[in-house]
Amino acid sequence: MSAKPMGSANVPRHIAIIMDGNGRWAKARRLPRIKGHEEGARSVRAVIRACRDAGVEYLTLYAFSVENWIRPPAEIRGLMRLLKKTLREQEFELHENKVRLRVIGRLQDLPRDLRVELKRVMRETAHYASGNLILALSYGGRTEIVHAARQLARRVANGEISHRSINEKSFARHLYAPDVPDPDLLIRTSGEMRISNFLLWQISYSELYVTDVHWPDFRDEELAKAIKAYAQRQRRFGDIK
Numbered sequence: 080m081s082a083k084p085m086g087s088a089n090v091p092r093h094i095a096i097i098m099d100g101n102g103r104w105a106k107a108r109r110l111p112r113i114k115g116h117e118e119g120a121r122s123v124r125a126v127i128r129a130c131r132d133a134g135v136e137y138l139t140l141y142a143f144s145v146e147n148w149i150r151p152p153a154e155i156r157g158l159m160r161l162l163k164k165t166l167r168e169q170e171f172e173l174h175e176n177k178v179r180l181r182v183i184g185r186l187q188d189l190p191r192d193l194r195v196e197l198k199r200v201m202r203e204t205a206h207y208a209s210g211n212l213i214l215a216l217s218y219g220g221r222t223e224i225v226h227a228a229r230q231l232a233r234r235v236a237n238g239e240i241s242h243r244s245i246n247e248k249s250f251a252r253h254l255y256a257p258d259v260p261d262p263d264l265l266i267r268t269s270g271e272m273r274i275s276n277f278l279l280w281q282i283s284y285s286e287l288y289v290t291d292v293h294w295p296d297f298r299d300e301e302l303a304k305a306i307k308a309y310a311q312r313q314r315r316f317g318d319i320k
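Taken in order, the sequence shown gives residues 80 to 320; the numbers are from this note's numbering.
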């Protein structure tokens with residue numbers, strides 16, 4: 080979500096982050112879970128700025144999954160309020176740096192007041208081209224793939240396309256954000272070694288970086304470590320070079 084051109088080929092164009100560990104961070108300090116989420120929101124703001132300064136063009140944050148709806152209602156309400164508050168606090172910097180806000184996921188699942196705010200900011204930043212901040216909200220990788228498959232099936236049934244024309248490229252055009260390049264780097268905080276249903280199609284060749292640092296403690300220095308590790312990788316995409 081760079082506000083300036085990338086300064087190095089070693090900087091990932093697109094970083095996606097599974098922001099994990101808010102609850103464990105709070106538990107370790109004998110604080111309510113919402114306090115972990117609040118501190119995690121500060122990490123969001125710090126990482127957005129750090130990505131901008133590093134020259135990252137796209138930043139995708141896994142903010143709330145389709146599975147997260149099974150959490151206690153009080154925690155969900157607190158998270159939704161925090162999302163709305165963070166959006167309002169971050170809006171000025173989006174405009175100042177000409178960064179476009181986008182959302183992937185089942186937007187219709189979110190509370191109406193949050194949907195209204197998200198759609199407003201997305202509309203007002205849609206013309207910006209200096210960077211992209213993408214929030215995955217009520218998102219699931221399998222849900223996205225099923226969504227794409229249904230769209231293609233509908234088009235075949237309506238006679239718009241032939242089933243023979245369906246390939247990887249045509250399928251990808253029916254994902255939530257088909258114009259966004261696949262992540263170069265996928266970061267997961269808090270040490271868990273799993274993908275958690277995040278961008279299943281898009282991360283086929285993403286470089287993975289897992290850190291034991293909980294998300295509330297993941298700031299500029301930790302992002303710099305992840306980018307440095309990425310710069311030392313050799314991406315082959317199936318080749319032998």
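From the three backbone atoms N, C-alpha and C, an ideal C-beta is built for every residue, glycine too. Given the structure is predicted, the values throughout are model-derived calculations rather than measurements.
Rounded to whole angstroms, the gap between the alpha carbons of L193 and I97 is 21 Å. Separation of the CB atoms of L197 and L186 is rounded to 7 Å, and the pair is thereby assigned contact status at 8 Å. Between the stretch 283-303 and the stretch 263-275, the count of Cβ pairs shorter than 8 Å is three or higher; the stretches touch.
DSSP places E286 in the uninterrupted beta strand (DSSP E) bounded by E286 to V289.
Here DSSP, grouped into helix, strand and coil, assigns A227 to helix. When DSSP states are grouped into helix, strand and coil, S244 belongs to the helix group. Pairing R179 with E203, the inter-Cα distance amounts to about 9 Å. Secondary structure at A142: strand, using DSSP grouped into helix, strand and coil. In this model, I240 and V225 are separated by some 18 Å (Cα to Cα). In summary, F171 is exposed, with fewer than 16 beta-carbon neighbours lying within 10 Å of its beta-carbon over all protein chains present. For N101, the enclosing alpha helix (DSSP H) stretches over residues N101 to A107. By the neighbour-count criterion, in which a residue is buried when 16 or more other Cβ atoms sit within 10 angstroms of its Cβ, A227 is buried. Nearest to H242 by alpha-carbon distance, out of L231, R312 and K248, is L231.
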